[in-house]
Amino acid sequence: MISRKLLLLATVALFCMIFIGSTQTAPLNKREATAIADFNNGISGESTFIDVGSYRLTGSFTRGCEKDTNIQNYEFFVITKDRKKIDYTKDFIKSVKIFPAGGTSPFQKVYEGFHICDLVGGTFFVNHKGKKFSEALIKYA
């Protein structure tokens, strides 16, 4: 009698372990990852990097540019962990507007040549008239 109960208990425990193990979520593949650069010095805002085979950069700045609303006076670029520079300035000048309150219009563009894993650990810089204005570390979301 005890051996039947023990066998039944072991079977139920094994079934539960298999069920729980099979329903657990798998960790994200780093090639399908998302990274963020959260700005909170000089300007406020967030940029999101989404891996789509290459990567999509989206985001906006919520404040910090009220003293100079001319987008031509700003530079936007990333220095990767391997010390490579990725310059977004031309694209930002074409598509981003700075509002009088100091925030920007949202931006979004797909870029080729790098993946999220190349960007994580790098730094996103915003310069104003050639001087460092703000920076944010790029990290996995």
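For the sequence shown, the residue numbers in mature numbering (1 follows the signal peptide of the UniProt record, and there is no 0) are -25 to -1, 1 to 116.
Glycine is no exception: its CB is placed at the ideal position from the N, C-alpha and C atoms.
Every value quoted in this text rests on a predicted model; they were computed, and no experiment measured them.
CB of residue i within 8 Å of CB of residue j, strictly
i           : j           : result
residue 13  : residue 111 : yes
residue 11  : residue 38  : no
residue 103 : residue 49  : yes
Cα-Cα separation, residue i to residue j
i           : j           : result
residue -23 : residue -12 : 16 Å
residue 79  : residue 61  : 21 Å
residue -14 : residue 109 : 58 Å
residue 106 : residue 8   : 32 Å
residue 54  : residue -4  : 41 Å
residue 22  : residue 31  : 10 Å
residue 29  : residue 88  : 6 Å
Residue nearest to residue i in terms of C-alpha spacing, selected from the options
i          : options            : result
residue 64 : 40, -4, 100 and 92 : 100
residue 51 : 36, 90 and 91      : 36
Residue range of the unbroken alpha helix (DSSP H) whose run includes residue i
i          : result
residue 64 : 64 to 70
residue 91 : 91 to 94
Residue range of the beta strand (DSSP E) that includes residue i
i          : result
residue 53 : 49 to 54
residue 13 : 9 to 16
For the stretch -17 to -3 against the stretch 70 to 84, are there 3 or more C-beta pairs whose distance is under 8 Å? no
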